[in-house]
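What follows is a single structure, written as structure tokens, with notes after it.
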Amino acid sequence: MFDEISLVALDTSAGAALVEALVEGAPLSDELRERLLAYAAGNPFYLEELVRSLVDRGVIQREEGAWRVSGDGALSVPSTIEGVLLARMDRLEPAWREVVTAASVLGRSFGPQELQAVSELDADVVREAMHHLLRLDLIREERRWPDPSYRFKHALIQETAYRTLVATRRTALHRRAAHWFESGHEENLQRFYGLLAHHYQAADDAVQATHYLRLAAEHARDEWALDEAIEHYADLVPLLEAAGRTQETAELLFQLATMLHLAMRYREANEVWQRAFRAWRPAPETPAVPTATVRMAGHQIPWVTDPAMGGEWVVNNRLHIQTYRPLLEQRPGPNLVPGVAESWSVSDDGLVYQVRLRADATWNDGRPIAAQDVVWTYRHVLDPAQTSYVASHLSILVGADDYLAGRIQDPEALGVRAVDERTVEFRLSVPTPHFIFVLSWLCSLLRPDGVANGPFTITSIDPDRVVLDRDPRFQARRGGNVARIEWVKASRNDVMEQLRAGAIDVVDNLTVVGQRLSTDEVHGAYVMGAPVQTTYAAFSSDERWSTDVFFRRALACATDRKVLEQVVLPNQTVATGGLVPPGLPGHTPDIAVRFDPQKARRWLAESSHRGPIVIVVVDPPPAHCVPLAAAWMDVLGRDVETVAKPIAEMRRFAQYAHVTLTHWLAHGPDPGYFLRGLLRTGSRSNNCTRRSTR
Numbered sequence: 249m250f251d252e253i254s255l256v257a258l259d260t261s262a263g264a265a266l267v268e269a270l271v272e273g274a275p276l277s278d279e280l281r282e283r284l285l286a287y288a289a290g291n292p293f294y295l296e297e298l299v300r301s302l303v304d305r306g307v308i309q310r311e312e313g314a315w316r317v318s319g320d321g322a323l324s325v326p327s328t329i330e331g332v333l334l335a336r337m338d339r340l341e342p343a344w345r346e347v348v349t350a351a352s353v354l355g356r357s358f359g360p361q362e363l364q365a366v367s368e369l370d371a372d373v374v375r376e377a378m379h380h381l382l383r384l385d386l387i388r389e390e391r392r393w394p395d396p397s398y399r400f401k402h403a404l405i406q407e408t409a410y411r412t413l414v415a416t417r418r419t420a421l422h423r424r425a426a427h428w429f430e431s432g433h434e435e436n437l438q439r440f441y442g443l444l445a446h447h448y449q450a451a452d453d454a455v456q457a458t459h460y461l462r463l464a465a466e467h468a469r470d471e472w473a474l475d476e477a478i479e480h481y482a483d484l485v486p487l488l489e490a491a492g493r494t495q496e497t498a499e500l501l502f503q504l505a506t507m508l509h510l511a512m513r514y515r516e517a518n519e520v521w522q523r524a525f526r527a528w529r530p531a532p533e534t535p536a537v538p539t540a541t542v543r544m545a546g547h548q549i550p551w552v553t554d555p556a557m558g559g560e561w562v563v564n565n566r567l568h569i570q571t572y573r574p575l576l577e578q579r580p581g582p583n584l585v586p587g588v589a590e591s592w593s594v595s596d597d598g599l600v601y602q603v604r605l606r607a608d609a610t611w612n613d614g615r616p617i618a619a620q621d622v623v624w625t626y627r628h629v630l631d632p633a634q635t636s637y638v639a640s641h642l643s644i645l646v647g648a649d650d651y652l653a654g655r656i657q658d659p660e661a662l663g664v665r666a667v668d669e670r671t672v673e674f675r676l677s678v679p680t681p682h683f684i685f686v687l688s689w690l691c692s693l694l695r696p697d698g699v700a701n702g703p704f705t706i707t708s709i710d711p712d713r714v715v716l717d718r719d720p721r722f723q724a725r726r727g728g729n730v731a732r733i734e735w736v737k738a739s740r741n742d743v744m745e746q747l748r749a750g751a752i753d754v755v756d757n758l759t760v761v762g763q764r765l766s767t768d769e770v771h772g773a774y775v776m777g778a779p780v781q782t783t784y785a786a787f788s789s790d791e792r793w794s795t796d797v798f799f800r801r802a803l804a805c806a807t808d809r810k811v812l813e814q815v816v817l818p819n820q821t822v823a824t825g826g827l828v829p830p831g832l833p834g835h836t837p838d839i840a841v842r843f844d845p846q847k848a849r850r851w852l853a854e855s856s857h858r859g860p861i862v863i864v865v866v867d868p869p870p871a872h873c874v875p876l877a878a879a880w881m882d883v884l885g886r887d888v889e890t891v892a893k894p895i896a897e898m899r900r901f902a903q904y905a906h907v908t909l910t911h912w913l914a915h916g917p918d919p920g921y922f923l924r925g926l927l928r929t930g931s932r933s934n935n936c937t938r939r940s941t942r
């Protein structure tokens, strides 16, 4: 005869007290203490043996009558606990043991369906085994509804069961688990990318493991789960190295380092960057002889050649991409690889950057690019007399704010200097994760005489036509067979006719043709960018309207977003969230002001505004202007006048109107940068020249 007594697990406070007693008050880190408690899961025997194992490994040492913590606090199953657990496993019926070892492959938690699929046992056998494993307190029921789930009582049990598997069976079980998740979750597979990568890696399937690790990393990155993305990228590196994919490994190292930098893990980012530079060996391209001409058309064509002065307009930026090469080059990812710079480093505190220029980097006239050229560029951009739209983004440099405000006049006080002929140092006032992307902007390397350093040079630039020709002296890696690029200005109807007739190759901006033109009509293709642009209404900086919050609220409540759905492009959505677009981290969905006609009219009545509402837009007016103006007129009962102006005059829109419809396209994956450019007083991109949070 015997009595069975169910013991209750130690709670957190009791477990912490036991740990404190076992180490005699040694100052364990919070992280190590929490891992000990989680690993033992309230079992005092497990907790005591785990602490003993740390003592045996020298992690906790006794010196001069006191315990001291040193070394690596990684936890593993102590041999004493493993012996006890193995003895329990050996006493199980063969079918029960087969089920518990199959479950160990699935992790700490598992469901009956995947367990049956992985074990390949009959449902009745699995059900009976689960009943006994529950009775023996090896597993516990985690939930019953909507899908039943079970959990190993202790992580130590799961790890011990897993280690009893021979290699061939362990590999087979992981492969079955991967196949089950793939076939059972096709509609939402992205939730399981990381798990699939784990199972395929454990199944020694490097091809599938590589595939899912990349998908898992990209999905985590897109969700801005940076630490998770970093973990997946780090796991992917050795797989690519083992496969001999050297250049792909280097690209991945750059991507991993960029993620570490965005996560403000600067020391680790720097270490990975140095590995990437050593591995970086881009294969030389042997492009065809450049003879082709690319013909582009649109209602707006480039008109400003200086990236620091006109780069905030996308159409100008397209010109600068062809005529300038930046210090660092952006790749999809987000990712940064060497451009004019051959290497760079960042200090552990994220405040000091050093950029080393390529020895063979030259301007289009053949003159070598020197560190002092970079220094001149940043001083030029920050010169208050230049009113560059970039200047506000550089206020993170030491001394930049004071220099912009005229409080200091000495450019030597700015946080940028030449260390030697090829090395530039940047000093920041605060750690800024997106600064590394600032170094990839096309305005990071300029000359007073306007000579550029890109693959194409400007042959002519007129109001209706821009011509670029390939520079035969450009030595950097650049493929393709294009010798000339031509932009021509054309109306919407002309663009469509020319595209159909084959007279042009590219419509420079899809908003020109909207949804009236299909690829079937022109035998072409749409090329869509990521959703990193926000179209918005910007209010006049005129004192009467910039302080009239009721007027702004009235227009916000009068905006019926449903009428805009008819004019959005395939890669656009009607904004129902915050100002930060969906393609950037920090986007907040469903916080936009709701359409409320009654409230809109009430706000307008409290406003000081009288008479018609005047909107100024770029000529020709964008497609969304018409339904928006009609909605405001209908709801508010006021005339709404639309004024179309040339794009170059939009900076002065406050002279013509109460509000403008404009957009802002992100140049980096940082929401702080995005908001700073739009809202920070003093920025040229701050269309409303806001002076307060009101």
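Under my numbering, the first residue of the sequence shown is numbered 249, with each subsequent residue one higher.
For glycine and all other residues, C-beta sits at the position ideal for the given N, C-alpha and C.
Treat the numbers as computed from the prediction; the structure is a model and nothing was measured.
For Gln781, which three-state DSSP category applies? Looking at Gln781 - three-state DSSP - the assignment turns out to be strand.
So what does DSSP say about Ile709, is it helix, strand or coil? Here Ile709 carries a strand assignment [DSSP, helix/strand/coil].
Counting only runs that start and end within the stretch 558–611, where is the beta strand (DSSP E) found for 3 or more residues in a row? Listed in chain order, the complete beta strand (DSSP E) runs (minimum 3 residues) inside the stretch 558–611 are 576–579, 583–586, 589–594, 600–605.
Limits of the alpha helix (DSSP H) - the one that Met744 falls within: 740–749 is the span of the alpha helix (DSSP H), which, as asked, contains Met744.
The beta strand (DSSP E) enclosing Trp912, as first and last residue numbers: 907–913 is the extent of the beta strand (DSSP E) around Trp912.
Within 10 angstroms of its Cβ, does Asn612 collect 16 or more other Cβ (buried), or is it exposed? By the 10 Å Cβ count, Asn612 comes out buried.
When we look at the beta-carbon of Asn741 and count the other beta-carbons within 10 Å, is it buried (16 or more) or exposed? Looking at its Cβ environment, which holds fewer than 16 other Cβ atoms inside 10 Å, Asn741 is exposed.
Determine the DSSP secondary structure at Gly546, reduced to helix, strand or coil. In the three-state scheme derived from DSSP, where H, G and I count as helix and E and B as strand, Gly546 is classed as strand.
Please state the DSSP three-state secondary structure of Asp668. Assigned with DSSP and collapsed to three states, Asp668 falls in strand.
Cα separation between His427 and Glu434? Roughly 11 Å separates the two Cα atoms.
Give me, in chain order, the residues of the same chain whose beta-carbon lies closer than 6 Å to that of Ser788; leave out the 5 immediate sequence neighbours on both sides. Contacts found: Ala902, His906.
Looking at C-alpha atoms only, which residue of Ala351, Ser367, Ala377, Gln361 is the closest neighbour of Leu340? Measuring from the Cα of Leu340, the nearest candidate turns out to be Ala377.
Taking the DSSP output, what are the residues bridged to Phe358? Note: Phe358 sits in a beta bridge opposite Tyr398.
Are the stretch 517–533 and the stretch 865–884 touching, with three or more C-beta to C-beta distances below 8 Å? Not touching, per the Cβ criterion.
Using only CA atoms, which one of Ala661, Asp717, Leu812, Phe799 lies nearest to Ala540? Per the Cα distances, Asp717.
Report all residues from its chain with a CB closer than 8 Å to the CB of Thr260; omit the five preceding and five following residues, and keep chain order. Shown here for Thr260: same chain residues with a beta carbon closer than 8 Å to its own, the five before and five after excluded, namely Leu285 in chain order.
Pair every Cβ in the stretch 664–676 with every Cβ in the stretch 593–611, then say whether three or more of these pairs are closer than 8 Å. At 8 Å Cβ cutoff, the stretches touch.
Report yes if the CB atom of Arg336 is closer than 8 Å to the CB atom of Ala403, and no otherwise. No, Cβ-Cβ distance for Arg336 and Ala403 is not below 8 Å.
Where does Arg469 sit, in a helix, a strand or coil, going by DSSP? Three-state DSSP puts Arg469 in a helix.
Report the three-state DSSP secondary structure of Val755 (helix, strand or coil). Correct three-state label for Val755: strand.
Under a Cβ-count criterion, where at least 16 other Cβ atoms within 10 Å of its own Cβ denotes burial, should Asn935 be classed as buried or exposed? With a pLDDT of only 46 at Asn935, under the threshold of 50, the placement of this residue in the model should not be trusted, and no figure is reported.
Measure the CB-CB distance between Tyr481 and Tyr460 and report whether it falls below 8 Å. Contact flag unset, no.
Give, in chain order, every unbroken run of the alpha helix (DSSP H) that is at least 4 residues long and sits entirely within the stretch 842–867. Complete alpha helix (DSSP H) runs here, min 4: 845–854.
Where does the unbroken alpha helix (DSSP H) through Arg423 begin, and where does it stop? Unbroken alpha helix (DSSP H) run through Arg423: 415–432.
Keeping to the same chain, check which residues put their C-beta closer than 6 Å to that of Pro845; ignore five residues upstream and five downstream. For Pro845, where only same-chain residues beyond five positions count, the Cβ hits under 6 Å are Val883.
Is the distance from the Cβ of Leu382 to the Cβ of Trp344 below 8 Å? If you check the CB distance, Leu382 and Trp344 do not come in under 8 Å.
Span separating the alpha-carbon of Thr937 from that of Leu443: Only weak support is given to the placement of Thr937: the predicted model assigns it a pLDDT of 48, under 50, and the question is left unresolved by the model.
Endpoints, alpha helix (DSSP H) assigned at Glu376: Taken as a continuous stretch (DSSP letters only), the alpha helix (DSSP H) holding Glu376 covers 371–383.
Note down the Cα distance separating Tyr626 from Ser677, rounded to an integer number of angstroms. Whole-angstrom Cα-Cα distance: 16 Å.
Which residue's Cα is closest to the Cα of Ala257: Phe293, Glu279, Ser277? With distances taken between Cα atoms, Ala257 lies closest to Phe293.
Span of the alpha helix (DSSP H) holding Thr506? Counting along the chain, the alpha helix (DSSP H) containing Thr506 begins and ends at 494–510.
Determine contact between the stretch 509–525 and the stretch 470–488, defined as no fewer than three beta-carbon pairs at a distance below 8 Å. The answer is yes - the stretch 470–488 touches the stretch 509–525, with three or more Cβ pairs under 8 Å.
Provide the residue span of the alpha helix (DSSP H) that contains Gln684, from first to last. Going by the sequence as given, residue 684 is Ile instead of Gln. Per DSSP, Ile684 belongs to the alpha helix (DSSP H) from 683–686.
Cα separation between Ala524 and Asp712? Taking the straight line from one Cα to the other gives about 45 Å.
Using C-beta distances below 7 Å, list every residue in its chain close to Glu296, excluding the 5 sequence neighbours before and after it, in chain order. Contacts found: Leu270.
Smallest Cα separation from Phe710: which of Trp551, Thr408, Val811, Asp370? Per the sequence shown, residue 710 should be read as Asp rather than Phe. Answer by Cα proximity: Trp551.
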